Amino acid sequence: MEIIKDFIQGTPQTPTQNRFIVVHDTGNDKSTIDGEVSYMKRAGLQNQAYVTHFVDDKKVVQTAPSGKISWGAGNINQFAYAQIEMVHVAPDKFSQQVELLGQLLKQLCSESGIPGYFTNGTNNGIITHNQAAKYFGGSDHTDPDSYVISRGWTMDKFRGRISEIINSQSSQAPKPTQVKLEDLTLSVPFRAKGACWVSNPDGAIIYKDAELKEPTSQVVPFGSAWQIYGAGDGGIFTIGNNLYISQSDAVAKFSRGMGMGDYTGMTAVVTADDCYTQTIPEAGQAGVSHLEKGGAYRINRQSQDFKFVDLGKDQWVDTSKLNIVL
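In this text, residue positions in the sequence shown follow numbering that gives the first Met the number 0: the first is 0, and each later residue adds one.
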């Protein structure tokens with residue numbers, strides 16, 4: 000797939016927190032991709048509104064760099080690796096546009112490590128402008144729902160086909176390489192149960208129910224990692240709010256600290272900008288030393304309520320500002 004680069008000059012180069020790819024539509028049945036790109040290059044910065052890509056049924060044009068902030072969907076902008084506008088095409092060309100959009104999203108997901116399935120914002124993934132506005136605010140747009148529906152598709156069909164394209168396996172793809180579970184590392188929130196890695200080469204189907212009787216059209220890709228919020232005896236991992244995958248599709252590491260009630264010797268990673276040590280493990284104490292975000296420390300002991308850990312001699316830190324390395 001060729002991506003034609005025709006960049007807007009002078010866009011901000013602020014790196015984004017790569018959690019989402021946002022899908023829009025232009026809202027104009029009479030425009031063309033060339034016209035939309037021309038207008039965006041001329042007026043995007045002045046209007047404080049621009050995206051990174053445009054797609055119709057024939058080509059993809061990139062107007063701003065991926066991984067840098069773009070102004071397309073309100074408060075989600077800082078988290079959006081890319082934002083894509085679907086230019087309106089005739090109903091009989093819409094399926095071709097969906098195929099091209101799917102290929103673009105597949106490439107962008109591969110580049111960024113963002114999961115190739117649609118989300119409402121609870122987990123990282125692809126998100127519509129409609130869901131971004133509802134979950135993050137700063138916008139009242141509802142696209143691309145009405146455009147998709149006007150072309151004779153349901154949103155479930157649209158999301159399902161995009162996920163199929165992204166997660167399809169090429170016949171030329173190499174066979175998966177087996178990875179030892181002990182070689183997998185990830186940090187998770189202090190009180191998380193652990194993490195799982197999708198080991199099924201075809202990905203893991205997301206289910207709506209813990210009995211795995213209601214599959215969705217969403218598939219999380221092979222090799223992706225997910226925090227575990229729950230693990231049931233029925234062979235399920237809970238990876239989000241009412242989001243379940245089968246344990247047969249993934250391998251997992253559980254937090255020894257949570258399981259045994261002892262985090263001593265484990266490694267904590269600072270995840271907050273405002274992380275300070277204090278002399279006693281109680282809320283509301285004055286900070287002593289600032290710990291840089293991303294720093295890793297050995298846990299020496301913990302408070303009885305698990306709300307604080309000691310990272311040195313009486314250097315207590317609030318565990319809500321830390322992740323634990325599995």
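A virtual CB, placed ideally from N, CA and C, is assigned to each residue, including glycine. Quick caveat, the model's predicted, so the values are computed rather than measured.
Closest Cα partner of residue i within the set the options
i           : options               : result
residue 52  : 42, 27 and 80         : 80
residue 22  : 267, 218 and 116      : 116
residue 155 : 26, 308, 135 and 127  : 127
residue 99  : 280, 62 and 165       : 165
residue 292 : 320, 60 and 185       : 320
residue 219 : 35, 235, 254 and 113  : 113
residue 252 : 302, 135 and 186      : 186
residue 44  : 18, 65 and 6          : 6
residue 297 : 288, 316, 304 and 289 : 316
residue 263 : 325, 221, 62 and 208  : 325
residue 153 : 105, 94, 40 and 318   : 94
residue 271 : 303, 322 and 64       : 322
C-alpha gap between residue i and residue j, whole angstroms
i           : j           : result
residue 170 : residue 202 : Any reading at residue 170 is ruled out, since the residue's pLDDT is 44, under 50, leaving its predicted position unreliable.
residue 282 : residue 273 : 14 Å
residue 15  : residue 137 : 17 Å
residue 250 : residue 224 : 10 Å
residue 58  : residue 119 : 28 Å
residue 12  : residue 300 : 42 Å
residue 307 : residue 284 : 12 Å
residue 103 : residue 275 : 43 Å
residue 109 : residue 67  : 17 Å
residue 237 : residue 73  : 30 Å
residue 55  : residue 4   : 15 Å
residue 193 : residue 254 : 5 Å
residue 1   : residue 125 : 21 Å
residue 243 : residue 28  : 39 Å
Burial state of residue i (16 or more Cβ within 10 Å)
i           : result
residue 86  : buried
residue 259 : exposed
residue 176 : Here the model assigns residue 176 a pLDDT of 46, short of 50, so the residue's position is not dependable, and the following value carries that caveat. Residue 176 comes out exposed.
residue 172 : Reliability fails at residue 172, whose pLDDT of 41 lies under 50, so the model's placement of it is uncertain and no value is given.
residue 148 : exposed
residue 190 : exposed
residue 46  : exposed
residue 150 : buried
residue 145 : exposed
Residue j beta carbon less than 7 Å from that of residue i
i           : j           : result
residue 139 : residue 132 : yes
residue 269 : residue 286 : no
residue 215 : residue 227 : no
residue 278 : residue 248 : no
residue 70  : residue 38  : no
residue 157 : residue 75  : no
residue 97  : residue 160 : yes
residue 162 : residue 217 : yes
residue 24  : residue 143 : yes
residue 121 : residue 240 : yes
- Query: What beta strand (DSSP E) runs, 3 residues minimum, are completely inside the segment 266-295?
  - Reply: 266-269
- Note down, one range per segment and in chain order, each alpha helix (DSSP H) of at least 4 residues found wholly within the segment 116-201. 128-135, 144-149 and 154-166
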